[in-house]
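This note's numbering puts the first residue of the sequence shown at 94, with every later residue one more than the last. Glycine residues also receive a C-beta, built at the ideal position from the N, C-alpha and C atoms.
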Amino acid sequence: MTDEWKAPAKASAESGDEKSWKLLEKTLLAGVQEQRRSRRWGIFFKSLTFLYLIGALILLSPLISMEKGAALGSGYTALIDVTGMIADKEPASADNIVGSLRAAFEDKKVKGVVLRINSPGGSPVQSGYVYDEIRRLRGLHPDTKVYAVISDLGASGAYYIASAADQIYADKASLVGSIGVTAAGYGFVGTMEKLGVERRTYTSGEHKSFLDPFQPQKPAETQFWQSVLDTTHQQFISSVKKGRGDRLKDKEHPELFSGLIWSGEQALSLGLIDGLGNASSVARDVIGEKELVDFTVEESPFDRFSKKLGASVAEHLAMWMGFQGPSLR
94 MTDEWKAPAK ASAESGDEKS WKLLEKTLLA GVQEQRRSRR WGIFFKSLTF LYLIGALILL
154 SPLISMEKGA ALGSGYTALI DVTGMIADKE PASADNIVGS LRAAFEDKKV KGVVLRINSP
214 GGSPVQSGYV YDEIRRLRGL HPDTKVYAVI SDLGASGAYY IASAADQIYA DKASLVGSIG
274 VTAAGYGFVG TMEKLGVERR TYTSGEHKSF LDPFQPQKPA ETQFWQSVLD TTHQQFISSV
334 KKGRGDRLKD KEHPELFSGL IWSGEQALSL GLIDGLGNAS SVARDVIGEK ELVDFTVEES
394 PFDRFSKKLG ASVAEHLAMW MGFQGPSLR
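This is how it looks when you write it as structure tokens:
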């Protein structure tokens, strides 16, 4: 090949290499730019997720709304709601109520505490815990009075709590009382026999399965279980007498401890309550501070869901098996 032909071929080869390098350079540059874009979007979405979680924690975290009182004057009345079943993991659990009470008593601007009650009762343990804490806080802060105000219903465990207050108020049509203990279950022995199903239970204790609804009741075990309920009932009666003192007309009316329930108007004459009124009237006329500041613990929906999820399986299994522990309701 002559030199004239070699020169164009060489130039063509160099031109092809240059194009390849430029193409490779563009490809690499595009890849780097794509990685940068992906990294920026990744950082953006991570930041957005982080901000969302922070916002959710702030909005959904348990709150005690005592901040509402910051803008008020020199004093106000603390309001704490006791609503629904008194039980662990419920809004009216002892932990929630006690937390609200402690916060209210520690607030220097609180001139009095109103427990606004609308509850059928519940756990004797939870009710007793709240009762003891009210009396303890009253001893530490004798100038801060506690008033229980029953709206629709203040029965059993709810009245147990109310009896720890300095005074109890209710509407004339409120339902008050039900000082008793109950434990309910089911018996499936006859059903099992009709279906031809045999129950096999293995225990390491003589009475370990005495509440089994699929086995016949034994008189000795029934008597024992009744003694447990009677003991709990006597604890309830003792606490009510200690809280109400001479105001309670139990000597003239022994039926007060029979589990019966009365209207607010009847309860007043029996010494179960001290007067007729509501939360607003007690704050205004009795405490002398009409401004109400809500100290009730407000659980987030997430907290309520997680608690119920953890407790619901065991609770529903116990109900299905026919067992329910002592309840003040």
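Please report the distance separating the alpha-carbon of Gln-219 from that of Gln-128. 59 Å
With DSSP collapsed to three states, give me the class of Val-282. helix
Using 8 Å as the Cβ pair cut-off and three pairs as the minimum, do the segment 355-366 and the segment 275-289 touch? no
If I follow the unbroken alpha helix (DSSP H) through Asp-387, where does it start and stop? Counting along the chain, Asp-387 falls outside any alpha helix (DSSP H), though it belongs to the beta strand (DSSP E) covering 385-387.
For Gln-328, the first and last residue of its enclosing beta strand (DSSP E): No beta strand (DSSP E) holds Gln-328; the alpha helix (DSSP H) holding it covers 312-337.
Distance check for Gly-289 and Ala-251, CA to CA, integer angstroms please. A direct Cα-Cα distance of roughly 44 Å separates Ala-251 from Gly-289.
Could you tell me if Arg-337 is buried or exposed, where buried requires 16 or more neighbouring beta carbons within 10 angstroms of its beta carbon? buried
May I ask you to report which of helix, strand or coil DSSP gives Ile-366? coil
Taking three-plus beta-carbon pairs below 8 Å as touching, is the segment 351-362 in contact with the segment 257-269? Inter-segment contact for the segment 351-362 and the segment 257-269 is present: three or more beta-carbon pairs are separated by less than 8 Å.
In its own chain, which residues sit with a C-beta less than 8 Å from the C-beta of Asp-378, not counting the 5 before and 5 after it? Gly-370
Take Leu-268 as the anchor and find which of Glu-286, Leu-246 and Val-274 has the nearest alpha-carbon. Leu-246
Straight-line Cα distance separating Asp-236 from Lys-202: 12 Å
Check the Cβ-Cβ distances between Val-375 and every residue of chain D, and say whether any is below 8 Å. Reference to chain D is not applicable here, since this structure consists of a single protein chain.
Unbroken stretches of the beta strand (DSSP E), 3 residues or longer, contained in the segment 199-232: 203-212
Is Gly-232 buried or exposed, if buried means 16 or more other CB atoms sit within 10 Å of its CB? exposed
C-beta atoms of Val-375 and Val-207 nearer than 8 Å: yes
To the nearest angstrom, report how far apart Val-274 and Gly-352 are at their CA atoms. 8 Å
Secondary structure of Gly-381, DSSP reduced to three states: In this structure, Gly-381 counts as coil in the three-state DSSP scheme.
Would Ile-173 pass as a contact of Leu-194 if the rule is Cβ separation under 8 Å? yes
Excluding five sequence neighbours on each side, which residues of the same chain lie with their C-beta closer than 6 Å to the C-beta of Asn-189? Val-390
Could you please give the first and the last residue of the uninterrupted alpha helix (DSSP H) stretch that includes Gly-247? Segment 238-248 is the beta strand (DSSP E) holding Gly-247; no alpha helix (DSSP H) there.
One question on the structure: do Ala-171 and Ala-197 come within less than 8 Å of each other, judged by their Cβ atoms? yes
Among Val-242, Ile-380, Gly-177 and Val-191, which residue has its Cα nearest to the Cα of Gly-221? Val-191
Rounded C-alpha distance that separates Gly-381 from Ala-248: 28 Å
Using CA coordinates, which residue listed in Gln-126, Ala-187 and Gly-168 is at the minimum distance from Gly-177? Ala-187
List the whole-angstrom C-beta distance separating Val-333 from Ile-272, where the pair is believed to meet the contact cut-off of C-beta under 8 Å. 6 Å
What did DSSP end up calling Asp-174 once you bin it into helix, strand or coil? strand
Just how far apart, CA to CA, sit Gly-215 and Glu-286? 34 Å
Neighbourhood of Glu-160 by C-beta, 7 Å cutoff - its chain only, sequence neighbours within 5 removed: Note that Glu-160 scores 47 on pLDDT, short of 50, meaning its location in the model is unreliable; the coordinates nonetheless yield the value given after this. Result list for Glu-160: empty, nothing under 7 Å.
I need the straight-line Cα distance from Phe-329 to Ile-354, nearest angstrom please. Roughly 15 Å between the two C-alpha positions.
Assign Gln-260 to one of three DSSP states: helix, strand, or coil. strand
Can you tell me the Cβ-Cβ gap for Ile-227 and Ala-258, rounded? I've got them flagged as a contact below 8 Å. Confirmed, about 7 Å.
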